[in-house]
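S.K.: In the working numbering, the protein residues as written are 359 to 520.
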Amino acid sequence: MVLDKSRTEEVLLREYTINLELWKHYDIARQKKTENFLTINTILAGAIAVLIGGNFYSHTLIIPISIIGFALSVMWYLIMRRNSDYMRFQRLQLLSIEARLPKDVTTFTNMYDAFDKNKTVSFIGIKDKFKTNTISANKIDGMFPTIIAATWLLILLFQLLA
């Protein structure tokens, strides 16, 4: 079935909207997962603080807590990597749709050029240009589980060697 040009654009815009909603969903899910893992790690760290600071100090309790914290951080890292792949897929899907739409639809193409390719982006109708000098938020988010996992590993090693 061959669609005329206006019908094709209508279908592509509908698909674009659906993919945009999915991209937003994955971004919100990533933020919520980060919040949940940080909360769990804070609770575990608080438990260790109580054990160390109180009269309850026990290697036998700190060791399993640090193992759980380490395992959760590794799981968090793997989940964040997977979520990042979903977001990247949606972004590429949106780029593909934009390539088939009129040249006025450039949001994700511009974002991809600016943030993934580190290019200077010009905008239609204004003289301002955009160039980023920052690290990707996904990369920064990806550092959290690694840093926290390393911390749990250090706590575990310190307890095993004490």
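Where a beta carbon is used, it is the ideal one built from N, C-alpha and C, also for glycine.
Note that this is a predicted model, so its numbers are computed, not measured.
Inspect the beta-carbon positions of residue 510 and residue 445 and report whether they are closer than 9 Å.
M.R.: Taking 9 Å as the Cβ cut-off, residue 510 and residue 445 do not qualify as a contacting pair.
S.K.: Quick one: what does DSSP say residue 480 is sitting in, helix, strand or coil?
M.R.: Strand at residue 480.
S.K.: List, from N- to C-terminal side, the alpha helix (DSSP H) runs of 4 residues or more that fit wholly inside the region 404 to 461.
M.R.: Fully enclosed alpha helix (DSSP H) runs of 4 or longer: 417 to 458.
S.K.: When the distance is taken between beta carbons, is residue 482 closer than 9 Å to residue 464?
M.R.: Cβ atoms of residue 464 and residue 482: closer than 9 Å.
S.K.: Taking 9 Å as the threshold (C-beta atoms), are residue 420 and residue 410 in contact?
M.R.: Yes, they are a contact pair.
S.K.: Around the C-beta of residue 372, are 16 or more other C-beta atoms found within 10 angstroms, so that it is buried, or is it exposed?
M.R.: Per the 10 Å Cβ criterion, exposed.
S.K.: With the cut-off set at 9 Å, would you say residue 438 and residue 392 are in Cβ contact?
M.R.: Yes, the Cβ-Cβ distance between residue 438 and residue 392 is below 9 Å.
S.K.: With 16 other CB atoms within 10 Å as the buried threshold, where does residue 388 fall?
M.R.: Its Cβ being crowded by 16 or more others within 10 Å, residue 388 is buried.
S.K.: Consult DSSP for residue 391 and reduce its assignment to one of helix, strand or coil.
M.R.: Residue 391: helix per DSSP, three-state reduction.
S.K.: For residue 475, which three-state DSSP category applies?
M.R.: In this structure, residue 475 counts as coil in the three-state DSSP scheme.
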